Amino acid sequence: NTGDVTIPDAGGYVSSTITISSTLADLVPQSISVPSQATAGASVTVSYTVANTGGTAAPASHTKVQIKDASNVLLTQQTFSTSAIGANLSVNESRSMSLAGAIAGTYYAYVIVDNNSEVTQSNYANDLSSGTSFTVINPTTVTLADLVPQSISVVPSSATVGASVTVSYTVANTGGTAA
5 NTGDVTIPDA GGYVSSTITI SSTLADLVPQ SISVPSQATA GASVTVSYTV
55 ANTGGTAAPA SHTKVQIKDA SNVLLTQQTF STSAIGANLS VNESRSMSLA
105 GAIAGTYYAY VIVDNNSEVT QSNYANDLSS GTSFTVINPT TVTLADLVPQ
155 SISVVPSSAT VGASVTVSYT VANTGGTAA
């Protein structure tokens, strides 16, 4: 920005042009991380930093997190509020994203800062992160409970009609979940 300034001098007034330079805010997604593996149908936590690399404070804005498959097909996306960020400062955020509808394969997490164009920035081209990959695996097949009688014994071993006998046994669960 440039402006004329008139400064009083002992002999009168002196006029001078001064230049005031300020850099606009510049929001940049950084340090995007996800676990290396996640389970289809569960959720994955995407952690990232929103940095303001510009010279003025950025007001509160919105950040979008997207999950896409290896063919760049969108699986899910959510937009979250991001607090105001001072000049040359940053905020760390972590967001849980559903993997409902995902199948086994490679996926990518993307972070888009200032998604709603609420911040006047010096550079809008750096608002989208590159994709951070992770692998989605199928959920482990759950083996249901399987109750099996074991150690069966009858006392006495021979009996007459109308007599009482004692039957003893143990039930074991050989399955994968509680019964």
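The sequence shown begins at 5 in our numbering and counts up one residue at a time. Don't be surprised by glycine CBs; every beta carbon is placed ideally from N, CA and C. Since we're looking at a predicted model, the values are computed, not measured.
In the structure shown, Ile71 falls within a strand segment according to DSSP collapsed to helix, strand and coil. Within the same chain, and ignoring the five residues on either side of Ser162 in sequence, no residue has its Cβ closer than 8 Å to its Cβ. Between Val117 and Asn127, the alpha-carbon positions lie close to 12 Å from each other.
By the beta-carbon neighbour count (other beta carbons within 10 angstroms, threshold 16), Leu93 is exposed. One Cα belongs to Glu97, the other to Asp150, and the distance between them is close to 45 Å.
Between Ala55 and Pro143, the gap from beta carbon to beta carbon reaches 9 Å or more. Residue range Leu151 to Val159 is occupied by the beta strand (DSSP E) that includes Ile156.
Here Ala42 is buried, its C-beta having at least 16 other C-beta atoms within 10 Å.
By the C-beta density criterion, Tyr173 is exposed, having fewer than 16 other C-beta atoms within 10 angstroms. As the crow flies, the alpha-carbon of Val158 is around 30 Å from that of Thr181. In this chain, the beta strand (DSSP E) harbouring Pro33 covers Leu31 to Ser37.
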